[in-house]
Structure formats: structure tokens, C-alpha cells
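Just add 324 to wherever you are in the sequence shown, counting from 1, and you've got this note's numbering. Only one structure is covered here, and it is reproduced in the block below.
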Amino acid sequence: MTTSARTSRRRFSTVGSWLLAAGLLFGAQHADAARVKDITSIRGVETTQLVGYGLVIGLGGTGDQTTNVPFTRQAIENYLRNMGMTVDDSRGSLRTNNVASVTVTAEIPTYLPLNSSFDVVVSSFGDARSLHGGQLLQTELQTPDGSVVAIAGGALATGGFLAESGGNRVQRNHVAAASIPEGATLKVGLGPASITTADPNAADPATAAQLLTYGLLNPDFTTAARVSDAINTAIGAGTAVATSPGTVQVTVPAGQALIPLIAQIEALDVAPDQRARVIVDERTGTVVMGSNIQVSEVGISYGSISVNVSSQPMISQPGPFSQGETVVVPDTEIVVTEEGPTLTEGGSVHLLQAPTLNELVQALNAIGIAPRDLVGVLKNLKQAGALQADLEVR
325 MTTSARTSRR RFSTVGSWLL AAGLLFGAQH ADAARVKDIT SIRGVETTQL
375 VGYGLVIGLG GTGDQTTNVP FTRQAIENYL RNMGMTVDDS RGSLRTNNVA
425 SVTVTAEIPT YLPLNSSFDV VVSSFGDARS LHGGQLLQTE LQTPDGSVVA
475 IAGGALATGG FLAESGGNRV QRNHVAAASI PEGATLKVGL GPASITTADP
525 NAADPATAAQ LLTYGLLNPD FTTAARVSDA INTAIGAGTA VATSPGTVQV
575 TVPAGQALIP LIAQIEALDV APDQRARVIV DERTGTVVMG SNIQVSEVGI
625 SYGSISVNVS SQPMISQPGP FSQGETVVVP DTEIVVTEEG PTLTEGGSVH
675 LLQAPTLNEL VQALNAIGIA PRDLVGVLKN LKQAGALQAD LEVR
């Protein structure tokens, strides 16, 4: 039987329709302008990861089994000695399951002011069953180079619970990790002396112009050129130059205050561009794509299903004495056909005049193709050289 796609729309699966809508949204995002602030970052204004090892107390029997986790017992001994107590556990008789070894992590901006508070994540390091209700003892946080820059501590928030009684166990959410909102304080500054650098090509380093370096979050030649053009239009010709697909250098005008200049640049609108891309998640069957990705003429076999996608030019003529103009628009027709009584006889999808990938997805959705099958179709399209886009499989 043969059915027009218009009459088959009621058969679209919810997942398939969502995939198509996600693709249209993905494509529309790249057509709209974005602020420079949202697509770049200033070199020097970055984030730093901090990490530390600590002890959580007050766990009510859900902490580490010290016989199984010897480093927790050792950490308890060291803590008590530092508090001035004499501890002799040469026989390993120290037993406490109210304590757990944990790692404490955080990510903070390099320009965070001294004595600022920030959130930390606390994760069990041993075999503790739950950190619910625990208290983190004072813990030093250090940078990747080993420098101690912050102190963390306080009551944990797990967002869940664990209850055990008589062999029964009830758990909600993940209780082996927790957070402490504003649980750490920065004690040593991280930022460099300045986010600008002197122009290396200057004849006199003492009078060299200062440079700001912007890094594109998604490097692209076209986007870098557009960012440079937008800055030159707003600040002055020659102010910015794109030195690579991912870098734009800005010369700070003499006498210009740095912070207002950065604020002005961040507010500029730029239309970002990038290569056509299709992202496929095989585990969930999710497909995200642009709206105008082209598909070359190709034949696809999917069981006994035949899909014909054709795109023909159509002339739109304005009415007499109107202000309209004659334009050529594509007229796409999608026909879904089921041929043969069995899947082994095979069907085909025939594409004419390079329709878009969205048109292909629409045709496949019309016959109720599963998202995971759609993933296989896209992978084979790419291998056949018919998909004019980068295919990223996760």
C-alpha cells in the first residue's frame, strides 16, 4: 500500500517527533546571534579544581569498617595525635563505624576574592554505607600543584537517606556522596597579577600595548572572524585580530579602563558558525542534528519499507499589482510505501535532489522507525558518503 506522509503524521512516534524537534532547535540555535560572553572565555579568567582528603564524623554506624579500610583507622589516629591525645593502636583494636574517609572536591574561578565561600562535594573513599547526617572535619584543599589554598568543613547535605532494620533496607537517592553549600573558604588567591599580556612584537617592552586573548569555546574560522569584526566595528578598526580558529587577540586602547572594555566586548552579538554535525547516542537512541544538513542521492533498504523523498523547485508567482517578488521555493513530497509480505524481500528509500536530513527523518518517522534503527541508518549514510555532516557517535 502507498500512503502520503501528510496522512501518516498521526503515526509519528513521540520519540521520533521529539528527535525532529530537537534537530530543528539545534539548527535554529546556530542561526541566531549570541553574545561574545557566551561563546568565548578570556585567557587567565579560568577555573581551578581543588581536592582534599578528610574525615566525616557522626554517621551513626554507617561509616567505614576500619578492619576493611585501614587508612581510615590511620587517619583517626593522626587526627587524635594532632589534637594532643596519646593513641596506641599497634594491635589494630581501634573500632569505629561512625567515621568515614572522604575526598572533598571543588571547582572555583581563579579570580575568586580572598575569604570567599564556595560549595564543595564530599564523596566516600571507603566502604561507608551512608554519609547522611555527617559532619566534615576541617579539611585542607589544594590545587593540582599541591598548594593548600582553602579550608573546608561543616554539616553534609545528602539529599537522601538510608534506613536499615532487621535485615531490611530502604534507601532514597545516592547517600555515599554529599555536598556542603558554602562549606569552604578561600585562604590564598589563585589569579595571575593581570589578565593582559604585553605585545611581544613591540619595540620597547616598557611601552608595549596590552593584549586581551579571547578563546572560542567551539573553535571555528568563521566564528573567530565574526568576533574580530564585531569588536573592530564597536571599538575601532585594528583593535582585534583572529590569530587562529580558537583565538582572538584584542589590543587594549591606550587610556582605556580594562573592566568597562571587557563588559562592552562581552555584550556584542555574533552569529556563531560551525561545521554541520549529527550527534548520536547509541545507548539512548537520541539523535541531535541541524535543520539543513544535506543528504546526497542514495538508496537505503529497511525491511519491506520503501520511502521516496523528492524535492523539486517550485516558482511562487505574486498576484497582479502586488508588491511581492517571484521566488523559487522547494516543494518536498514524502511518500511511504510498504512492499512485499516479508522483511527479507527488502525495501528502499530513494532520495532525489539532495533533500535535507530532517526530510529523511520525517519520512522514517512516518513509518514508525525506532530511534535505535534510525541510529543505524545514519551511521550507514555516513559510511556511504551520503551524509554531508560530521557524525559523532557517543
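Note that the Cβ used here is the ideal one computed from N, Cα and C, for glycine as well. For clarity, every value in this text was computed on a predicted model and none was experimentally measured.
Is DSSP giving L455 helix, strand or coil here? Coil.
Please confirm whether any heavy atom of the ligand ADP lies closer than 7 Å to the CB of Q686. As presented, the structure is devoid of all ligands, the ligand ADP included, so that no description of it is given.
Buried or exposed by the 16-neighbour rule on C-beta atoms within 10 Å, applied to Q618: Around the CB of Q618, fewer than 16 other CB atoms lie within 10 Å, so the residue is classed as exposed.
Which of the three DSSP states is assigned to L702 in this structure? In the three-state DSSP reduction, L702 falls in the helix class (H, G or I).
Beta-carbon gap between V411 and R405 smaller than 8 Å: In this structure, R405 lies closer than 8 Å to V411 by Cβ.
In terms of residues, what are the limits of the alpha helix (DSSP H) holding E590? 582-590 is the span of the alpha helix (DSSP H), which, as asked, contains E590.
Hey, could you find the ends of the alpha helix (DSSP H) W364 is sitting in? Correcting the residue type first, residue 364 is Thr in the shown sequence and not Trp. DSSP places T364 in no alpha helix (DSSP H) but in the uninterrupted beta strand (DSSP E) bounded by 364-366.
Residue(s) in a DSSP beta bridge with M613: Among the bridge pairs identified by DSSP, M613 is matched with V602.
Throw me the rounded Cβ distance for the Q443 and I381 pair, which I believe falls under 8 Å. Here residue 443 is Asp; the residue named in the question, Gln, does not match the sequence. Between I381 and D443 the Cβ distance is about 20 Å, and since that is not below 8 Å, they are no contact.
Hey, how far is the Cα of D451 from the Cα of A694? A694 has its alpha-carbon roughly 42 Å from the corresponding atom of D451.
I want to know whether the stretch 356-376 touches the stretch 513-521 - three or more CB-CB distances under 8 Å. Touching, yes, given that three or more Cβ pairs across the two stretches are closer than 8 Å.
Counterpart residues of G478 in DSSP-defined beta bridges: Paired residues: L460.
Among all the DSSP beta bridges, which residues are the ones paired with T531? DSSP output for T531 lists no bridge partner at all.
Near T546, which residues of its chain fall below 6 Å by C-beta distance, leaving aside the five closest residues on each side in sequence? Exclusion of the five residues before and after T546 leaves D597 as the residues of its chain whose Cβ lies within less than 6 Å of its Cβ.
Note down the Cα distance separating N704 from V446, rounded to an integer number of angstroms. The alpha-carbon atoms of N704 and V446 are separated by roughly 44 Å.
Please determine if the stretch 565-572 and the stretch 585-601 are in contact, where contact requires at least 3 C-beta pairs separated by less than 8 Å. Contact check between the stretch 565-572 and the stretch 585-601: fewer than three CB pairs, one atom from each, fall below 8 Å, which does not count as touching.
Cβ atoms of V428 and G478: under 8 Å apart, would you say? With respect to the 8 Å criterion, G478 and V428 are not classified as neighbours on the basis of their beta carbons.
From what residue to what residue does the beta strand (DSSP E) around Q373 run? For Q373, the enclosing beta strand (DSSP E) has its first and last residue at 371-381.
Which class does Y538 belong to by DSSP, given the choice of helix, strand or coil? The DSSP-derived three-state label of Y538 is strand.
Can you have a look at T364 and say buried or exposed, based on whether 16 or more other CB atoms are within 10 angstroms of its CB? Counting of Cβ neighbours within 10 angstroms places T364 among the buried residues, the total reaching 16 or more.
Are S441 and A501 close, meaning C-beta to C-beta below 8 Å? In this structure, A501 does not lie closer than 8 Å to S441 by Cβ.
Beta carbon of Q398, beta carbon of N421: below 8 Å? Here Q398 is not near N421, since their CB atoms are 8 Å or more apart.
V423 to T608, Cα distance in whole Å? Cα to Cα, V423 sits roughly 39 Å from T608.
According to DSSP, residues forming a beta bridge with E431: Partner residues in the beta bridge of E431, as assigned by DSSP, are Q373.
Nearest by alpha-carbon distance to E464: which of G378, D605, P437, T372 is it? Comparing Cα-Cα distances from E464 to each of G378, D605, P437, T372, the minimum goes to G378.
Is L514 helix, strand or coil by DSSP? In this structure, L514 counts as coil in the three-state DSSP scheme.
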